[in-house]
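A quick write-up on the structure given underneath.
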Amino acid sequence: MAETACILAGEHQQVILPNITAGCSMADMAPIQDVEDGWEDLQNVLGDHGGIVPVTYMNSVAAIKALCGRNGGAVCTSSNAAAVLKWAFQDADRVLFLPDQHLGRNTALKLGIGLDEMVVWNPFKAMGGNTPEQLRAAKMVLWQGHCSVHTRFTPKQIDSARERYPDVTVLVHPECTRETVEAADMDGSTEFIRKAINEAPAGSVWAVGTEISLVNRLAKNNPDKTVFCLDPVSCPCSTMYRITRPTCCGRWKAWSPERW
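Numbers given in our numbering equal positions in the sequence shown, counted from 1, plus 331.
Shown next, in the form of structure tokens:
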């Protein structure tokens, strides 16, 4: 996120990162070298068979965003992922979706793309673990990455929430697994979750499957509602949560736009 902010910053602006070790474990699952190798393989297999467009989720390194830009692709958020996929399919028969396979899968399903039209790309296997025939038959090539927070939420937790509160509404983020999204009542981006709960009637009950800090803030800001996290032992994201300046360090990490 700091990299992306720096790319967008003006010459008069600096981006301050309080803790240089902050990051995203999901983004780390798509190193640029692996992505470049995989992209080259896909081009070789699919170049004469309808092509493929790369789309990356915002939670990815700047180098992958640049790769998408160079190859006619785009960067998406969880809010506009469906719109970006629709756009991408206007130019090619397939999409390589990075780095979160679950957001890619859940979004594609909403667009009517079947599971039998999706394959997972495992960067540790030749051709991502797929045959050329499987890749040519696919509409979605999903990079094998995931969010360590959102994959903790399960259908069993949803069942427990409904047993505890029969009138509960279960709302999860689309980075959750397909099984969890399908078991929930609603799914949507962080902004969708925030808006749904803030605008809900007093007395309503919400079980939320997303990062605990957001759930706690929503509960605090909506005292007239019952808002709780699906996972009773959910921990904050261990990498993105690094937002405090280290006391042992006398300097902040500053990036200037000219570095990019």
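C-beta: ideal position from N, C-alpha, C; glycine also.
Take the Cβ of residue i as the centre, count every other Cβ of all protein chains shown within 10 Å, and call the residue buried at 16 or more, exposed below.
i      : result
Glu510 : exposed
Ile383 : buried
Gln421 : exposed
Asn390 : buried
Asp431 : buried
Pro532 : exposed
Ala414 : exposed
Leu339 : exposed
Arg495 : exposed
Pro554 : exposed
Glu342 : exposed
Phe455 : exposed
Val487 : Note that residue 487 corresponds to Lys in the displayed sequence, not to Val. Classification of Lys487: exposed, given that the 10 Å Cβ count is below 16.
Val346 : buried
Thr352 : exposed
Thr387 : buried
Val406 : buried
His380 : exposed
For residue i and residue j, what's the separation of their Cα atoms in angstroms?
i      : j      : result
Gln344 : Ala423 : 38 Å
Arg458 : Ile395 : The amino acid occupying residue 458 in the given sequence is Met; Arg does not appear at that position. Cα-Cα distance, rounded: 19 Å.
Gln374 : Asn350 : 38 Å
Trp591 : Ala492 : At Trp591, the pLDDT of 47 sits below 50, so the modelled position is not reliable and the matter cannot be decided from this model.
Glu334 : Ile363 : 14 Å
Thr500 : Val558 : 10 Å
Ala515 : Lys441 : 14 Å
Val366 : Gly445 : 24 Å
Ala361 : Val451 : 13 Å
Thr482 : Ala527 : 22 Å
Ala468 : Arg436 : 16 Å
Ile524 : Ile489 : 16 Å
Met449 : Arg401 : 24 Å
Asp368 : Ala412 : 24 Å
Could you give the first and the last residue of the continuous alpha helix (DSSP H) run that contains residue i?
i      : result
Gly400 : Ala393 to Arg401
Thr335 : Ala333 to Leu339
Val366 : Ile363 to Leu377
Ile574 : It is not in any alpha helix (DSSP H) - Ile574 carries neither H nor E in the DSSP assignment.
Lys487 : Pro486 to Arg495
Ser479 : Ser479 -> no alpha helix (DSSP H), and no H or E assigned at all.
Met357 : Ser356 to Asp359
If I follow the unbroken beta strand (DSSP E) through residue i, where does it start and stop?
i      : result
Leu473 : Met471 to Trp474
Pro385 : Val384 to Tyr388
Ile351 : Taken as a continuous stretch (DSSP letters only), Ile351 belongs to no beta strand (DSSP E), as it is neither H nor E.
Leu561 : Segment: none, Leu561 is in no beta strand (DSSP E) and carries neither H nor E.
Val501 : Thr500 to Val503
Write down the C-beta distance between residue i and residue j rounded to the nearest angstrom, noting that I regard them as a contact closer than 8 Å.
i      : j      : result
Trp370 : Phe428 : Rounded, the Cβ-Cβ distance is 13 Å, inconsistent with contact.
Cys521 : Leu545 : The sequence given here places Thr at residue 521; Cys does not occur at that position. With 8 Å as the limit, Thr521 and Leu545 qualify as a contact, their Cβ atoms being about 6 Å apart.
Leu434 : Pro505 : 5 Å
Val539 : Leu549 : 7 Å
Pro385 : Leu398 : 6 Å
Val480 : Glu542 : 6 Å
Lys551 : Gly534 : At roughly 17 Å, the Cβ-Cβ gap does not stay under 8 Å, so Lys551 and Gly534 are not in contact.
Asn453 : Gly460 : 4 Å
Met471 : Ala439 : 5 Å
Check whether chain C comes within 8 Å of residue i, counting only Cβ atoms and requiring the distance to be less than that.
i      : result
Thr575 : Absent from the structure: chain C. Only one protein chain is present.
Any heavy atom of the ligand FAD closer than 7 Å to the beta-carbon of residue i?
i      : result
Arg401 : For the structure depicted, the ligand FAD is absent and the ligand set is empty, with no information on it obtainable.
Quiz item: What are the uninterrupted segments assigned as alpha helix (DSSP H) that are 4 or more residues long and contained completely in the region 404-462, given in chain order?
Solution: 412-419 and 432-441
Practice problem: Taking only runs that begin and end inside the region 511-552, name each unbroken beta strand (DSSP E) of 3 or more residues, in chain order. | Solution: 536-540
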